[in-house]
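Residue numbers (numbering that gives the first Met the number 0), protein chains in the order written: chain D, 0 to 332; chain L, 0 to 332.
Protein chains: 2
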Amino acid sequence: MPITLRDVATRAGVSPSAVSRTFTDGASVSEKMRRKVEKAARDLGYSPNALASAMTTGRTKLIGLVSNNFQNPIFLQVFDLLTRKLQDCGLRPLLLNLTGETDAKTAVRMLQQYSVDGAIVASSTLPPEFSKSFRDAGVPVVNSFGRFSTSPEVHVVGVDNSECGRMAARTLVERDYKTVAFLGGPEAATSTQDRFRGFFQELAKHPHVAHSHSFAAAYSFDAGRAEMQRLIAAGDMADAYFCGDDVLSIGALSAVADAGLNVPQDLGIIGFNDMEMARWENINLTTISQPIDQILQSSVDLMVSMLDDPDRSPEVRLFPCKLIERGTLRPLS
Amino acid sequence: MPITLRDVATRAGVSPSAVSRTFTDGASVSEKMRRKVEKAARDLGYSPNALASAMTTGRTKLIGLVSNNFQNPIFLQVFDLLTRKLQDCGLRPLLLNLTGETDAKTAVRMLQQYSVDGAIVASSTLPPEFSKSFRDAGVPVVNSFGRFSTSPEVHVVGVDNSECGRMAARTLVERDYKTVAFLGGPEAATSTQDRFRGFFQELAKHPHVAHSHSFAAAYSFDAGRAEMQRLIAAGDMADAYFCGDDVLSIGALSAVADAGLNVPQDLGIIGFNDMEMARWENINLTTISQPIDQILQSSVDLMVSMLDDPDRSPEVRLFPCKLIERGTLRPLS
DNA sequence: TTTAATTTTGCAACCGGTTGCAAAATTTTC
DNA sequence: GAAAATTTTGCAACCGGTTGCAAAATTAAA
């Protein structure tokens, strides 16, 4: 059924190699030959088979897109941008959904079977070792939104989460909140741990500010709401909360509203991610944003450069986060 | 670098065919041989190359996942479920992001180059002809969330959008709203058109109920809010609105709240999709839900059955929608 | 115009598997 | 225990391209 290179060769009355060469750039083909072949190809509706070509060249132009964050709304944007950017480079994303599955070995094998040229691990919760398994298996990898190290073993692109924690703490202290708290997402996530560390590191500089912390069960509205309800019921409320995620914040806000507390006077909330919903007038959440587009562009750029030079030494690219001032924090006095 | 079948054959001291056979089920291999080969494979860490295998078998186990809906939060769930379900069947999703691009020819070619075994077009906005191009090119296709026809040319799984429109109209009339309106998403989407048709078809049975309609520029909070603001400013408000999507509804709700109107007494709103946010206590949107999980399971089932029998005649599978009663519509009197 | 240098083309082997066919090995039947 | 029936194995060709190498064709130099 499908047209092969040999079909084209026959119709054009040339050798298969000639056809192959007209479709690989950089190959030696005369103008006359190229025209002849292109005509035949057009007539027949031929387009080269990427898989067969991959057999000899060893490059599939397939990039594994690995993630376990299919619950977080921000990731729809991540997938959108990432797939578009990859497509723009002539690369095709092969999706691997690792929800509820963290075995790196399996993940690597699943991608290796398809000879992917590389893999982008987009996750703020998978540990660095996860990405390392890809590198160890010889699969070029970049970890987007991952935890960085000063002596990285794989490319990492993202933000400095502990700096984000410090930024949140600094902001709350500036706004004159006297007791502040960290309301994190799932404790196992590296991003949670890093922000936690940064947050309390900064607070240590302000001994007059009381602090506490707790963790929500998931990055979800319900988990945020439940945890805030628990805190309210327990009666040991802080003045201000740094939440691990906007959805969490919004859940917390809803519990706070139910309790009749006044935001931002009685209680401040600062979120993380600046997702779509944070901008909604009826939510209007003050939050910290990470430059998603830049992170992903940089990830793809790194990926592309690794395809040329697989032994490129691992690099860390961090982008600054930004405070997005809205209505859930007291203004600077 | 990577271990080939011949490496395994050499180490096990058997022929390549033997190795191939132990890895293809249904092939004739003795117990003794199988054990020998499996041991060698394990020792070497061999796993068969899906692409090479595809060359002779003609099956890649790659399924194109085509969509242009990377803005709608509901699609994160769609991607999550679809990829998991495909993976569970041993299939791998090759993502194709068609945002701002509707040329079916290109899309087909992009997938054909990778010899996908089939394609799932997940979109409520692409026209049936789009999916048809795949079928015409010999690529088994199922259109999830698509517009159905009584004499379908491709498999379609989804809901009867015009029935959804009727359901919305029926509900609003029941609740005793006297002037009702359709606040649709982008007019070009088939789902918008179908719901529009159903909505007014039902209203035609109730001549005492006044009606009107308009369309938002996008499926977004801002578009919904802007359109509702425009309506409020124009001063010709209806009693109740059927919005094309929950995000749109939420935007509209925010405009309504700003205007000091009382929901659900002065004004009723009914959304569509029952997304996560509709459940949030501070939104509490009455909406119509489509059974996403069933739709996708059915899509994958159809896909799998087509792989066995590519000439299976096209089928339409429609699932019922359900009214999710929350707080933005007057109760039944 | 002849010869040397350069470019274009085709041949054939290969990438990593699969599979039809016949030979070899095993099991069944008598 | 020999012959027939059945199962297992290996050989070799093939899937749809690519590529090193040498022959053929073209261009440049003499």
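From the three backbone atoms N, C-alpha and C, an ideal C-beta is built for every residue, glycine too.
Once DSSP output is grouped into helix, strand and coil, what is the label at S190 of chain L? helix
Enclosing alpha helix (DSSP H) for N160 of chain L [first to last residue]: Segment 160 to 173, the alpha helix (DSSP H) holding N160 of chain L.
Step through the CB atoms of chain L and report whether any lies within less than 9 Å of the CB of G270 of chain D. no
Just reading off the beta strand (DSSP E) that D286 of chain L is part of, what are its end residues? The residue you asked about is not Asp; residue 286 of chain L is Thr in the sequence shown. Element bounds for T286 of chain L: 286 to 288.
Taking T98 of chain D as the query, report the chain L residues whose CB atoms sit under 7 Å from its CB, ordered along the chain. D79, R83
Taking 9 Å as the threshold (beta carbon to beta carbon), is S72 of chain L in contact with chain D? Contrary to the premise, residue 72 of chain L reads as Pro rather than Ser in this sequence. By this cut-off, P72 of chain L is an interface position.
Between which residues of its own chain and A39 of chain L is the CB-CB distance below 7 Å, once the five residues before and five after are set aside? V7, R10, A11
Continuous alpha helix (DSSP H) assignments of at least 4 residues falling wholly in the region 65 to 149 of chain D: 73 to 87, 103 to 111, 127 to 135
For the beta strand (DSSP E) that K35 of chain D lies in, which residues bound it at each end? Where K35 of chain D is concerned, there is no enclosing beta strand (DSSP E), although the alpha helix (DSSP H) it sits in stretches over 30 to 43.
Contacts around G44 of chain L, its chain only, beta-carbon distance under 7 Å, and the 5 residues preceding and following it disregarded: I2
Please state whether DSSP places L328 of chain L in a helix, a strand or coil. coil
For the putative contact between L93 of chain L and L93 of chain D, defined by C-beta atoms under 8 Å, what is the C-beta separation to the nearest angstrom? 6 Å
Check the Cβ of V291 of chain D against every Cβ in chain L and list those closer than 9 Å, keeping chain order. A small correction: the amino acid at residue 291 of chain D is Ile; Val does not occupy that position in the sequence shown. Near I291 of chain D there are no residues of chain L at all, since even the closest Cβ is about 13 Å away, more than 9 Å.
Over what stretch of residues does the beta strand (DSSP E) that includes V315 of chain L continue unbroken? V315 of chain L -> beta strand (DSSP E) spans 315 to 318.
List, in chain order, every chain D residue whose beta-carbon is nearer than 9 Å to that of I249 of chain L. M276, W279, N281
If you compare alpha carbons, which of D:F220, D:V141, D:E128 is closest to D310 of chain D? D:V141
In the structure shown, what three-state DSSP assignment does V179 of chain L receive? V179 of chain L falls in the strand class under three-state DSSP.
Rounded C-beta distance between S132 of chain L and G145 of chain L? I'm assuming under 8 Å. So it is not a contact: roughly 13 Å between Cβ atoms.
Does V246 of chain D come out as helix, strand or coil in the three-state DSSP assignment? helix
Alpha carbon to alpha carbon, how far is T59 of chain L from Q112 of chain L? Give it in angstroms, no decimals. 12 Å
Which partner residues does A239 of chain D have in the DSSP bridge list? According to DSSP, which records beta bridges pairwise, A239 of chain D is partnered with D:V179, D:G267.
So which of D:S304, D:L306, D:N68, D:L75 has the shortest CA-CA distance to E100 of chain D? D:N68
Contact criterion: CB-CB distance below 9 Å. Does N261 of chain L meet it with respect to chain D? no
Taking A180 of chain L and H212 of chain L to be in contact with their CB atoms under 8 Å, please state how far apart those CB atoms are, rounded to whole angstroms. 6 Å
So I231 of chain L is in the alpha helix (DSSP H); what residue range does that whole segment cover? 220 to 233
Starting from the C-beta of S114 of chain L, find all residues in its chain whose C-beta is less than 8 Å away, skip the five residues before and the five after it, and write them out in chain order. A53, G57, T59, L61
What in chain D is Cβ-close to S339 of chain L, meaning under 9 Å? Residue 339 of chain L lies beyond the stretch modelled for chain L, which goes from 0 to 332, so this question has no answer here.
DSSP state of I62 of chain D mapped onto helix, strand, coil: strand
Along the alpha helix (DSSP H) that carries L322 of chain L, what are the first and last residues, could you check? Not the alpha helix (DSSP H): L322 of chain L falls in the beta strand (DSSP E), residues 321 to 323.
Using Cβ-Cβ distances below 8 Å, what residues of the region 149 to 161 of chain L are close to chain D? none
Which of helix, strand or coil DSSP assigns to A336 of chain D: The first residue shown for chain D is 0 and the last is 332, placing residue 336 of chain D beyond what the model contains.
Check whether the Cβ atoms of L4 of chain D and M302 of chain D lie closer than 9 Å to each other. no
Applying a beta-carbon distance threshold of less than 8 Å, which residues of chain D neighbour S253 of chain L? W279, E280, N281
Would you kindly check if the distance between the Cβ of V36 of chain L and the Cβ of T23 of chain L is under 9 Å? The Cβ atoms of T23 of chain L and V36 of chain L lie no closer than 9 Å to each other.
Since I287 of chain D contacts M166 of chain D with CB under 8 Å, what's their CB separation in whole angstroms? The pair is a contact, with the Cβ atoms about 6 Å apart (cut-off 8 Å).
Contacts around Q76 of chain L, its chain only, beta-carbon distance under 7 Å, and the 5 residues preceding and following it disregarded: I291
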